[in-house]
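J.: By the numbering used here, the letter at position 141 of the sequence shown is numbered 150, and the numbering carries on one by one without gaps.
C-beta atoms are modelled at their ideal positions from N, C-alpha and C, and glycine is treated no differently.
Would you mind keeping the following structure in view while I ask a few things?
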Amino acid sequence: MEVENAGVDPGTRVVMVPMSGQGKDCELWFEDYQTGTIKSRLNLLCLDIQEEANQPHQVIKLLQSVPSNALCPTSVGGRTYYSAVANTELGNIPGRAVAKQCWYSYGGAEYCTADFSWITAPNTKLIRNTGSPPAGAIGAGHQQDDGCTYYSAKGNTCWYAYNGSEHYTSDFDWIVIGNRIK
């Protein structure tokens, strides 16, 4: 892979160079075909490989305060929650956070942890679910049981933690980054 002028800014052109052999799980970068991006395994920064305007999103470990560009503030019962990633022994699982706590679901139950990261990104929109992730949808989770990139949803189903249990719905929005959202 070549990065034009060693750039790190959003929109930097990336050229894939064919290599002999297959990719390894331990490689630093991997291609996410669903979002049309190349992602870093270290911090899930995205690089645009379809010459579109995908902006990188970041997962920020910051417990002192909510970052100013934290994603999707939602109020429930008078509390404001933000998109987050729970750092668990099962891997990184998408969840919701407030102050110093993050709630996530796994295996039918709700869990809470203080070990989490905020998801931040410039230029985001919510796109109504139509059955699959749209181009530019943020996939911030990476569980160890199968090594796939995880969204809070898969196909037409979104899983979320609430009141001690894992729930699911088909009535949800995808978080999408980029200037030209299709």
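My output table needs one value for C81: the three-state DSSP class, helix, strand or coil.
T.: Three-state DSSP puts C81 in coil, outside helix and strand.
J.: Pull up the CB-CB distance for I102 and Y115, whole angstroms please, since I reckon it's below 8 Å.
T.: Contact flag correct, Cβ pair sits at about 6 Å.
J.: So what's S92 in DSSP terms, helix, strand or just coil?
T.: Reduced to three states, the DSSP call for S92 is strand.
J.: Taking the continuous beta strand (DSSP E) assigned at I184, which residues delimit it?
T.: Counting along the chain, the beta strand (DSSP E) containing I184 begins and ends at D182 to I186.
J.: Pull the bridge partners of T122 from the DSSP assignment, please.
T.: Answer is C111, bridged to T122.
J.: Comparing C-alpha positions only, which one of V107, S77 and V185 sits nearest to V1?
T.: Because residue 1 is not part of the residues shown, which for the chain are 10 to 191, the question remains open.
J.: Report yes if the C-beta distance between Y171 and E98 is below 9 Å; otherwise report no.
T.: The answer is no: Cβ separation not under 9 Å.
J.: Classify T133 as helix, strand or coil using the three-state DSSP reduction.
T.: It is a strand residue.
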